[in-house]
Ligand code: PEP
Ligand code: MG
């Protein structure tokens, strides 16, 4: 809201938590001043050569960027460039642009813009937001080609010398990987959603970021002072000194808190009466493993392997890329165990062209194991890669979105067939694979006793279990106030799953977001869980609380909680009993996500 001092606040979607204070650096959108210049027939060949040279120059730049990202940030980030190299090399882009130069007698700049605009129009008409977001890569490649054609240098963010908050309509993942992060305090971007490459990478790199800031690129000028809160999704422009001081103090406080929490990172998560709780990490990129170990993770309880697809898109990962990724994860985490979840493509996550067609209700559609059992070729490629990586140990496998026993039986048969096949080929494979099921549908929760006979372990996926049990779309902000992990319906199902696992004598862990909330984590321990998997940054906070409570009191609290009639009362109970032992500075975290 503007006032006399120029102070105003913009709101978007916080995709990477943290507070950034700095001056705005506005990145210009790709130039729109591209003119149509007629090219006479005798100069057409020269114009096409000019285009080809520009494409070669762009490719060289992208390969260099890839190499640098690989060196500085790892394979997962480097792959971001593959998507752009693919767009650049797309034979129809080159062919259609060349044809347009020839047919319409126009300059390369005009021809390439016409083709790119057509691509972008097609992408923007698609229902799925993840595919629409691929338009960012296309726009970035387009800007690069235009710059190469003009012979001008590309704005190089790696040259930044002072702390800034980048403000831009779009920020490509390539720019984000390449920029000199020492000087980038935060990112304020107009476009993008939770699943955009940029959001995922900003969060993995822990750069505070807000996306979906409508109009920010025209509302802010370079040099204006900004405060960005990546948790709440707020950007304050030209803040008053009181607002500024308030944020600076809370940034200092959260740094102090983080440092004191990190001091405990190598200590076990053990209650005051000696119960040991395993705190594991949920990972999306293999390169996050080092940060996970640094936060005190005792293993990886969930590796979301569909991110491999996202980075390689539109290609599918080969057996070798599955193998190499899982092996590198196992080695980085060694001697800790890494649980690889088979592809959970579909649903609200990412639409990939392999899913063939968009579905009206994808969350209940051809997702995860359903997709894998339909596209056995894709599933087998993943399982073969997994088995080859598992030959040297350290890996377990788990299957998402199970709703019936038959899915587990079939998945295990395919796994066993792949194992025999590899053996016959003379490839080393493990004799046995630890095989688990995600319990994340009400159907799986209700039949946990039946499913427990088919697996070595369960992992409770509360993100989906809550969504399906409470009929709340986990991505829909209009109903997010009803998304309550402590709803009695959720807790009763968790209790039933724990009883089934106990009766069958199998291990059980929980890997939904709920585990990252210290109060919920404590309740889950009181209910009987001894293994929780969460985003690495949450481990120190959860550990802090667990080291200050006794199992006996958590069990008593769980008994009381399970007898209460509503989420609100359970939330209050947790806050009353444990609130004071939370690390200072954590606001009551329990409740709506
Ligand atoms: C879950 O559903 O709780 C889970 C951990 O899986 P995802 O968030 O990837 O669906
Ligand atoms: Mg899930």
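Residue numbers (the working numbering): 144 to 736. Cβ coordinates follow ideal geometry from the N, Cα and C atoms, glycine included. If you're wondering where the values come from, they're calculated on a predicted model, not measured in any experiment.
Can the beta-carbon of residue 539 be found less than 9 Å from the beta-carbon of residue 477?
no
Less than 8 Å separating the Cβ of residue 544 from some heavy atom of the ligand MG?
yes
Neighbour-count burial assignment, residue 383, 16 or more Cβ in a 10 Å radius
exposed
Which value, in whole angstroms, describes the spacing of the CA atoms of residue 267 and residue 261?
10 Å
Residue nearest to residue 291 in terms of C-alpha spacing, selected from 525, 634, 626 and 197:
197
From 256, 659, 593 and 602, residue whose alpha carbon lies closest to that of residue 583
602
So, at 7 Å on beta carbons, what are the nonlocal neighbours of residue 257 in its own chain, with the 5 sequence-adjacent residues on each side left out?
243
Excluding the five sequence neighbours on either side, which residues of its own chain have a C-beta within less than 8 Å of the C-beta of residue 475, listed in chain order?
429, 432, 433 and 436
Where does residue 174 sit, in a helix, a strand or coil, going by DSSP?
Residue confidence for residue 174 is low, a pLDDT of 46 falling below 50, so the modelled location carries little weight; the figure read from the coordinates is stated next. In the structure shown, residue 174 sits in coil (DSSP, three-state: anything other than H, G, I, E or B).
Cβ-heavy atom distance between residue 388 and the ligand MG below 8 Å?
no
I'd like to check one pair, residue 329 with residue 309: are the Cβ atoms closer than 9 Å?
yes
Residue 244 lies in the alpha helix (DSSP H); which residues open and close that run?
234 to 247
So, is residue 717 buried or exposed, given that buried needs 16 or more other C-beta atoms within 10 angstroms?
buried
Can you give the Cα-Cα distance for residue 409 and residue 442, rounded to whole angstroms?
13 Å
Nearest neighbour of residue 92, chosen from 168, 664, 692 and 289 [CA to CA]
With the chain running from 144 to 736 in the structure shown, residue 92 is simply not present.
What did DSSP end up calling residue 158 once you bin it into helix, strand or coil?
strand
Give the secondary structure of residue 250 by DSSP, where H, G and I count as helix, E and B as strand, and everything else as coil.
coil
Report the three-state DSSP secondary structure of residue 690 (helix, strand or coil).
coil
For the stretch 644 to 695, which segments carrying the beta strand (DSSP E) assignment without a break, of at least 3 residues, lie completely within its bounds, in sequence order?
650 to 653 and 674 to 677
Sorted by chain position, which residues of the same chain lie with C-beta nearer than 8 Å to residue 558's C-beta, five sequence neighbours on each side aside?
526, 530, 540, 576 and 578
Could you check how far apart the C-beta atoms of residue 426 and residue 446 are, in whole angstroms? I think they sit under 8 Å.
5 Å
When a residue counts only if its C-beta is closer than 6 Å to some heavy atom of the ligand PEP, which residues count, in chain order?
445, 447, 487, 583, 604, 605, 606, 607, 654 and 655
Hey, is the stretch 146 to 160 in contact with the stretch 368 to 380, meaning 3+ C-beta pairs nearer than 8 Å?
yes
Extent of the continuous alpha helix (DSSP H) run through residue 437:
432 to 437
Flag residue 507 as yes when its Cβ comes closer than 8 Å to any non-hydrogen atom of the ligand MG, and as no otherwise.
no
Here's the rule: buried if 16 or more other CB atoms are within 10 angstroms of the residue's CB, otherwise exposed. What is residue 660?
buried
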